[in-house]
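Here the structure is laid out as structure tokens; the discussion comes afterwards.
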Amino acid sequence: MAYIMGLRMQNRCLPLIIDDYVGPDDPVRVYDAFVDTLDLPSLGILIESKPGPDEYHPAVLLKLLIYGYSYGIRSSRKLERACCHNLSFQWLTGGLQPDYRTIARFRIRYKEQIKQILKQCVRICVDLELIEGNVLFTDGSKFRANASINNTRTQEKCERALERLDKTIDSLLEECEHIDQEEEGTASLVKLRKKIADKEQLSQKIRKSLQVLQETKATSHNSTDEESIKAKNRQGIHASYNVQINVDGQNGLIVHGEAISDCNDYNHLKEQVDKSSQTLGHHPEYVCADSRYSSIKDLKEIPADIQVIVPDQEVLVKERTDTNDKSSKNDFTYDQASDEYICPIGTRLKLSTISNKRDSKVYRAYGPTCRSCLHLGICTINKSGRGVERSFYEEIQQRIIANYKSTRGQQIYKLRKEKVEHVYGHMKRNLGAGQFMLRGRDKVNAEVSLLSTCFNIARMITIVGIPQLLMKLTG
């Protein structure tokens, strides 16, 4: 058996024309055509001639970033290397080799403009009839921030750390004074002064975190990325961002994506619907999300022409437990005329208290009536009588529950996981973007826009095909 060996000194002829470096159906041609389709001036990227040395065209660097992110190459140094060693990147840039500083500065300088690229991508998809905008799926997932959790401190942790640092600095100052008196070598004195300077710098950083915590009333603060949050995921507790993604129901294309500084999805659905509607130019007919978005105060603000399909926490608990329980609130009938509840055996529950803090009313049965009931101990163990709480927004809540339980609602909700959750898997696994490269919410959202755009382009290639997509983009 002979081994196949390579010959490094063998003469070979590469194509003289850079355009021959990649085939006619190479995906890189789609990324090139996509950026050429963008209206850069409307993004805020001005194409102008000005005196001074030549600079790279913004479209070239934008193509480099989007194509690099689509293959998990996000580091500016790795992008620089790819321009030297990868034929696809050489074709994309036309043989240009921008250094990593140029790439990094462009990404930061145009972060606001990059955030708008996803909107233009969505409008292109709408024009190509790939996005209908009738059904919208929303979900959130935690992505690690470019910061250590060790730099996330609570107010109590800041106070303890400052106390320890003050003692350490005092001890080092005493040691410096002792060295001065003993007239020992200056080398050890220089080291001590360096230690003191480092401790004072750390103390100043912690004091700043403490001040921010006191002013904002936040529970924690990270001194490296001040807008990141402390969140738990499968890998443990990390400094993170909560990335919200809104996906269209037709082909699973992303309509809107952004990172928020809140570890909960609660109270964020209305905001996501508004931003997605603004991008689409109209309201979706249905909006679907999981029970983590079940905040009635937030859901009631969603326009009435949108049907919200979000399971209520109480409904989910009942679905997963004993469905034959006859003592739940749903088995009590509300009499709107008398503003009373009627229990399954006919006992009336009258208005007892009103809680503005909980935005609800409590209705309670007469105590002796419940104590003499056969269902005492099953329906309630409260000797004062069975109570039922009714939200100020009960009608809206019941409408949302009815939407979820309807045949159409169940059909849409069953599609939620396959439509929106795999987006995060693609970003974190395939694109290697489980942790952001940049710091600060504005810069992180620029990365979210790039990742979402890459996902959409990959889906467009799968749905339409490269030759047809190139024809539509260039036509």
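Each residue of the sequence shown is one higher than the one before, starting from 4 at the first, in the numbering used here. Note that the Cβ used here is the ideal one computed from N, Cα and C, for glycine as well.
* Asked: With 16 other CB atoms within 10 Å as the buried threshold, where does His-271 fall?
  -> buried
* Asked: Looking at C-beta atoms only, is the number of pairs between the segment 230-249 and the segment 141-150 that lie closer than 8 Å three or more?
  -> yes
* Quick check: the segment 303-317 against the segment 268-288, are there 3 or more CB pairs under 8 Å? -> By the Cβ test, the segment 303-317 is in contact with the segment 268-288, since at least three Cβ pairs between them sit closer than 8 Å.
* If we ignore side chains and look at the alpha-carbon of each, how far apart do Tyr-74 and Val-138 end up? -> Each residue's CA atom was taken as its position, placing Tyr-74 and Val-138 some 29 Å apart.
* Which of the three DSSP states, helix, strand or coil, is assigned to Phe-140? -> In the structure shown, Phe-140 sits in a strand (DSSP, three-state: E or B).
* **Residues near Gly-390 by beta carbon distance below 6 Å, same chain, minus five either side** => Val-365 and Arg-367
* Can you tell me the Cβ-Cβ gap for Lys-114 and Lys-446, rounded? I've got them flagged as a contact below 8 Å. => With a contact defined as Cβ atoms closer than 8 Å, Lys-114 and Lys-446 qualify at about 5 Å.
* Asked: In terms of alpha-carbon separation, which member of Asp-362, Leu-205, Leu-213 and Ala-5 lies closest to Lys-300?
  -> Asp-362
* So which of Asp-251, Ile-257, Thr-383 and Leu-49 has the shortest CA-CA distance to Glu-288? -> Asp-251
* **N-terminal and C-terminal residue of the alpha helix (DSSP H) that Lys-118 is part of** => 114-118
* For Phe-395, collect the residues of the same chain with a Cβ closer than 7 Å to its Cβ; drop the 5 residues on either side in sequence, then sort them by chain order. => Asp-362 and Ser-363
* To do: Taking 8 Å as the cut-off, decide whether the C-beta atoms of Glu-83 and Tyr-59 are in contact.
  => no
* **Ser-79 beta carbon less than 8 Å from that of Ile-106** => yes
* Residue range of the beta strand (DSSP E) that Lys-353 falls in? -> 351-358
* Asked: Could you give the distance in angstroms between the alpha-carbon of Ala-340 and the alpha-carbon of Met-430?
  -> 54 Å
* Asked: Going by other Cβ atoms of all chains shown within 10 Å of its Cβ, with 16 needed for buried, is Glu-261 buried or exposed?
  -> buried
* **Proximity below 8 Å, CB of Ala-85 to CB of Gly-98** => Not in contact: Ala-85 and Gly-98 (Cβ atoms no closer than 8 Å).
* **Where the alpha helix (DSSP H) through Gln-438 begins and ends** => No alpha helix (DSSP H) holds Gln-438; DSSP gives it neither H nor E.
* Asked: Looking only at its own chain, which residues have a Cβ that is under 7 Å from the Cβ of Ala-461, when we skip the five neighbours before and after it?
  -> Excluding sequence positions up to five before and after Ala-461, its CB lies within less than 7 Å of the CB of Ser-73, all in the same chain and listed in chain order.
* Can you tell me whether DSSP reads Phe-395 as helix, strand or coil? -> coil
* To do: Using three-state DSSP, classify Asp-502 as helix, strand or coil.
  => Any property of residue 502 remains undetermined from this structure, which presents the chain solely from 4 to 478.
* So does the segment 25-37 actually touch the segment 465-478, counting three or more Cβ pairs closer than 8 Å? -> Taking 8 Å as the limit for Cβ pairs, the verdict is that the segment 465-478 does touch the segment 25-37.
* To do: Determine, using beta carbons only, whether Ala-449 and Arg-112 come nearer to each other than 8 Å.
  => No, the pair does not count as a contact, with Cβ atoms beyond the cut-off.
* **In chain order, each alpha helix (DSSP H) run of at least 4 residues that lies wholly inside the segment 25-60** => 31-40 and 43-46
* Asked: Around the Cβ of Asp-268, are there at least 16 other Cβ atoms within 10 angstroms (buried) or fewer (exposed)?
  -> buried
* **Beta-bridge pairing of His-259 - partner residues as DSSP gives them** => Asn-249
* Beta-ladder partner(s) of Ala-234, from DSSP -> His-241
* To do: Measure how close the beta-carbons of Ser-331 and Val-313 come, nearest whole angstrom, since I'm counting them as under 8 Å.
  => Ser-331 to Val-313, Cβ: 19 Å. No contact.
* Roughly how many angstroms separate the alpha carbons of Leu-121 and Ile-209, rounded to a whole number? -> 37 Å
* With 16 as the cutoff for other CB atoms within 10 Å, does Met-12 come out buried or exposed? -> exposed
* DSSP three-state assignment for Gly-478, whether helix, strand or coil -> Here Gly-478 sits in coil by DSSP.
* To do: Look at the Cβ atom of Ile-263, then the Cβ atom of Asn-236, and state whether they are nearer than 8 Å.
  => no
* Residues bridged to Thr-383 (per DSSP) -> Leu-379
* Pull up the CB-CB distance for Thr-372 and Thr-350, whole angstroms please, since I reckon it's below 8 Å. => 6 Å
* Tell me where the beta strand (DSSP E) around Val-276 begins and ends. => Unbroken run through Val-276 is the alpha helix (DSSP H), 272-283; no beta strand (DSSP E).
* Asked: How many Å lie between Thr-222 and Lys-211 at the Cα?
  -> 15 Å
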